[in-house]
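So the structure is just underneath, and the comments pick up after that.
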Amino acid sequence: MKPGFPVGIAGARDLDEVLPWDHINAGVKKSFLKRDYEWSLEGKIRPDCRQQCYSCGILSSFSELRLAHPDGGWKCP
């Protein structure tokens, strides 16, 4: 660890606690990220969501943007 780095920032955390970055909304639900993380610990890989939606929350988070591009110009990242 670098000198001056706040203790407790790095390291294991309880995923149900409020995390320092929870105030950042990237459009993906925390429950989805938690489930995806747990899958990764089991060595599972989630298939590409462009073929099947996994209800991460991004579609509902960006519904206004999607409606502004009815021609299909907006794609899920």
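When we follow our numbering, the leftmost residue of the sequence shown carries the number 992, and every step to the right adds one. We treat Cβ as the ideally placed atom computed from N, Cα and C, and that holds for glycine.
What do you reckon, are the CB atoms on residue i and residue j nearer than 8 Å?
i: V1019; j: G1048; result: yes
i: D1027; j: K1021; result: no
i: R1041; j: W1030; result: no
Please state whether DSSP places residue i in a helix, a strand or coil.
i: S1046; result: coil
i: L1010; result: coil
i: E1055; result: helix
i: D1027; result: helix
i: K1021; result: helix
Just to check my reading of the structure: residue i and residue j have Cβ atoms closer than 8 Å, yes? What is that Cβ distance to the nearest angstrom?
i: K1025; j: L1050; result: At roughly 19 Å, the Cβ-Cβ gap does not stay under 8 Å, so K1025 and L1050 are not in contact.
If distances are taken between C-alpha atoms only, which option among the options comes closest to residue i?
i: F1053; options: G1034, N1016, L1032, D1062; result: N1016
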